[in-house]
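All the letters of the sequence shown, read from the start, carry residue numbers 33 to 264 under my numbering.
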Amino acid sequence: MKPNSTRPVIEARNLTRIYALGGSEVIGINAVDLRICTGELVVLKGNSGSGKSTLLSLLAGLDRPTRGELKVAENDLVSAGPADLTHFRREVVGMVFQSFNLMPTLNVLENACLPGFLAGKNPLRIKSKASELLNWLGLSQRISHLPAQLSGGEMQRTAIARALINDPDIILADEPTGNLDSRNGKIVVELLAELNRKWKRTVVIATHSNLADSLATVQFQLKDGMIADRER
33 MKPNSTRPVI EARNLTRIYA LGGSEVIGIN AVDLRICTGE LVVLKGNSGS
83 GKSTLLSLLA GLDRPTRGEL KVAENDLVSA GPADLTHFRR EVVGMVFQSF
133 NLMPTLNVLE NACLPGFLAG KNPLRIKSKA SELLNWLGLS QRISHLPAQL
183 SGGEMQRTAI ARALINDPDI ILADEPTGNL DSRNGKIVVE LLAELNRKWK
233 RTVVIATHSN LADSLATVQF QLKDGMIADR ER
């Protein structure tokens, strides 16, 4: 398992996230040092509460570190202001969630287009690109369906199209197979691996599942908010 480039796209030093809970503190991530190169397919493993989702939220700019350094695709996420973080989330990273997070009143095509529209991009180009993505994902016959009319696998593939619509450098997937059966879980993991191999996207998957293990270029094991092991 070898990275496609030695250039780091994600760098963290002493990355720490502490949450206040009543009068006490809960450590989500504890002094993590992390270096991920461009073109890696990274799998983050660990039990519930190990810090996987917290780390992914920090990498996505959805949460702020308590202390430490964090750069993603040359964006300093510690010093970034709200407008910088909004731009970062729309343009640099694409997120895929366990719960899909599709808009229930929008159809498949509209859900896939939404980040492009929010970024102010040309609507005709965004619709054309969304159609191409949905066709690649096997959803060309479902573009006018609402999320409630889709299977779990179809909803997650729609979410992948949405994550890709603005051409992000990095795809972050938080338990992307958690709500899927084994067959659809395998399909989703293989699609993420194809994004990595064919489209040269850096992909980071946080998961309990073993489905992506054989496809990873590097695997990190988290325990109690720290990286306990690393395997290439």
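Note that the Cβ used here is the ideal one computed from N, Cα and C, for glycine as well. Computed from a prediction, not measured in an experiment: that's the story for all the values here.
Euclidean distance between Cα positions of residue i and residue j
i, j, result
"L196", "L53", "36 Å"
"T239", "R262", "15 Å"
"I50", "K255", "15 Å"
"I192", "L166", "9 Å"
"I175", "S183", "13 Å"
"G100", "G185", "37 Å"
"R39", "R121", "21 Å"
"N228", "T190", "18 Å"
"D201", "V125", "6 Å"
Run of the beta strand (DSSP E) containing residue i, from where it starts to where it stops
i, result
"T48", "P40 to L53"
"S56", "S56 to C69"
Three-state class that DSSP yields for residue i in the structure shown
i, result
"K255", "strand"
"L243", "coil"
"A260", "strand"
Span of the alpha helix (DSSP H) around residue i
i, result
"G91", "For the sequence presented, residue 91 should be read as Leu rather than Gly. Unbroken alpha helix (DSSP H) run through L91: K84 to L91."
If you scan the segment 160-239 from start to end, which runs of the alpha helix (DSSP H) of 4 or more residues do you find wholly inside it?
Whole alpha helix (DSSP H) segments, 4+ residues: 184-196 and 214-229.
Unbroken beta strand (DSSP E) runs of length 3 or more, entirely within the segment 93-168: which are they?
Look at the segment 93-168 and you find these whole runs of beta strand (DSSP E), each 3 residues long or longer: 99-104 and 125-129.
Any contact of the segment 150-160 with the segment 91-103, i.e. 3+ C-beta pairs under 8 Å?
Short answer: they don't touch.
Could you tell me whether the segment 59-68 touches the segment 85-92, where touching means 3 or more Cβ pairs closer than 8 Å?
Short answer: they touch.
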